[in-house]
Amino acid sequence: MFNPKKIKEIREELGYSQTDFYENIMSKASYQRFEKNEKELSLQQLQKICDKIAMRPEEILYWSDVTQLDSLPFWKQKLNIPNYLSSPEDFLEKFTEIENDKDKSFGHYCLYITMISLGIQENYLDKDYFSKKDLRQLKNKYKKRKIFYSFDYEMVSNMVFFVNIQDISFLIDKLFPVTESHGVTFDFCVQQCLSNIISKCLHQEEYSLALDYITTFKSLRKIPRFHIGLSINLEIVYLEQLTNFLQTRDITIFLEAVQTAKMFKKLGYISTYENLDNELRSISQRENFVYPDKNVFATQPYSNDL
0 MFNPKKIKEI REELGYSQTD FYENIMSKAS YQRFEKNEKE LSLQQLQKIC
50 DKIAMRPEEI LYWSDVTQLD SLPFWKQKLN IPNYLSSPED FLEKFTEIEN
100 DKDKSFGHYC LYITMISLGI QENYLDKDYF SKKDLRQLKN KYKKRKIFYS
150 FDYEMVSNMV FFVNIQDISF LIDKLFPVTE SHGVTFDFCV QQCLSNIISK
200 CLHQEEYSLA LDYITTFKSL RKIPRFHIGL SINLEIVYLE QLTNFLQTRD
250 ITIFLEAVQT AKMFKKLGYI STYENLDNEL RSISQRENFV YPDKNVFATQ
300 PYSNDL
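Okay, structure coming up:
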């Protein structure tokens with residue numbers, strides 16, 4: 000929740016007097032009451048403060064606890080979800096609570112979908128828990144929606160773990176293409192959604208469809224001021240290489256994917272690297288060829304001698 004003491008702290012840290020800091024923003028009586036936490040600050044006034052001190056709005060919002068998720072009850076609950084995965088009893092008790100609240104908002108419904116995904120992964124829920132009836136209700140829920148937000152993309156990101164792409168194509172077709180940035184959180188959720196959709200397409204062996212969504216991701220790179228995440232961007236490169244290999248069985252493309260996977264390790268994404276490395280080793284065993292060792296990988300993947 001908004002903490003006015005942080006605004007006072009910023010003012011003092013930057014060396015402003017009360018008079019200079021709040022000039023043309025609010026009266027002396029108002030800013031004295033505000034710094035005593037007896038008066039609220041309007042968005043317009045906060046914007047003027049940002050402009051005066053040349054600080055990005057998102058930064059001052061974070062410093063004043065507005066965008067720190069654990070300061071908001073709903074997000075505090077969401078951040079605590081991993082704590083409910085320790086046992087079926089703990090999970091099901093919390094799941095029932097979240098399921099009962101799922102129609103309060105689209106954000107609550109997104110949380111419900113997240114819980115289903117986690118429940119299925121932990122074998123606390125049946126794989127077909129989300130029924131055809133639920134899909135029909137979801138379709139009706141989105142029937143009139145035309146503008147989409149981060150929780151819409153987050154929801155689809157989690158849904159693809161337990162439904163087929165075709166079953167939610169009505170929603171995916173609404174969400175894409177994306178033509179402009181709406182901030183870091185929105186942009187991240189869009190990218191994560193596409194990454195998960197592409198992975199699901201590969202799991203379903205629908206390689207042409209995977210390439211279509213890879214093309215959709217590539218279009219994001221051309222959007223002005225769109226925040227492309229380094230890890231996800233590199234993951235899409237890997238997924239494109241993997242898709243092309245699975246289509247062609249070209250060993251050169253496989254070696255390129257191995258090199259891309261190694262980049263995650265170099266950049267410090269160790270968990271991602273280990274997952275991709277295991278995936279590639281599994282593919283090499285299935286396809287009956289030797290996985291390249293470290294020396295071969297380091298010196299020869301692009302060699303004309305291969």
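Each residue of the sequence shown is one higher than the one before, counting from 0 in numbering that gives the first Met the number 0.
From the three backbone atoms N, C-alpha and C, an ideal C-beta is built for every residue, glycine too.
Item: Neighbourhood of residue 185 by C-beta, 8 Å cutoff - its chain only, sequence neighbours within 5 removed; Value: 148, 149 and 152
Item: Closest Cα partner of residue 197 within the set 127, 221 and 158; Value: 158
Item: Neighbour-count burial assignment, residue 52, 16 or more Cβ in a 10 Å radius; Value: exposed
Item: For residue 141, the three-state DSSP class (helix, strand or coil); Value: coil
Item: Contact belief for residue 208 with residue 164 at Cβ below 8 Å, rounded distance in angstroms; Value: 7 Å
Item: Beta-carbon gap between residue 129 and residue 146 smaller than 8 Å; Value: no
Item: Cβ shell of residue 233 (< 7 Å), same chain only, five flanking positions each side left out; Value: 259, 262 and 263
Item: Proximity of residue 200 and residue 155 at Cβ, strictly below 8 Å; Value: no
Item: Alpha carbon of residue 38 to alpha carbon of residue 49, nearest angstrom; Value: 19 Å
Item: Enclosing alpha helix (DSSP H) for residue 181 [first to last residue]; Value: That residue, residue 181, is in no alpha helix (DSSP H); it is neither H nor E in DSSP.
Item: Own chain, CB closer than 7 Å to residue 161, minus 5 neighbours either side, in chain order; Value: 115, 116, 119, 126 and 129
Item: Outcome for residue 243 when other beta-carbon atoms lying within 10 angstroms are tallied against a minimum of 16; Value: buried
Item: The segment 1-10 touching the segment 52-64, judged by at least three CB pairs closer than 8 Å; Value: yes
Item: Euclidean distance between Cα positions of residue 16 and residue 63; Value: 19 Å
Item: Secondary structure of residue 204, DSSP reduced to three states; Value: coil
Item: Per-residue burial, residue 229 [other beta carbons within 10 Å of its own, 16 or more giving buried]; Value: exposed
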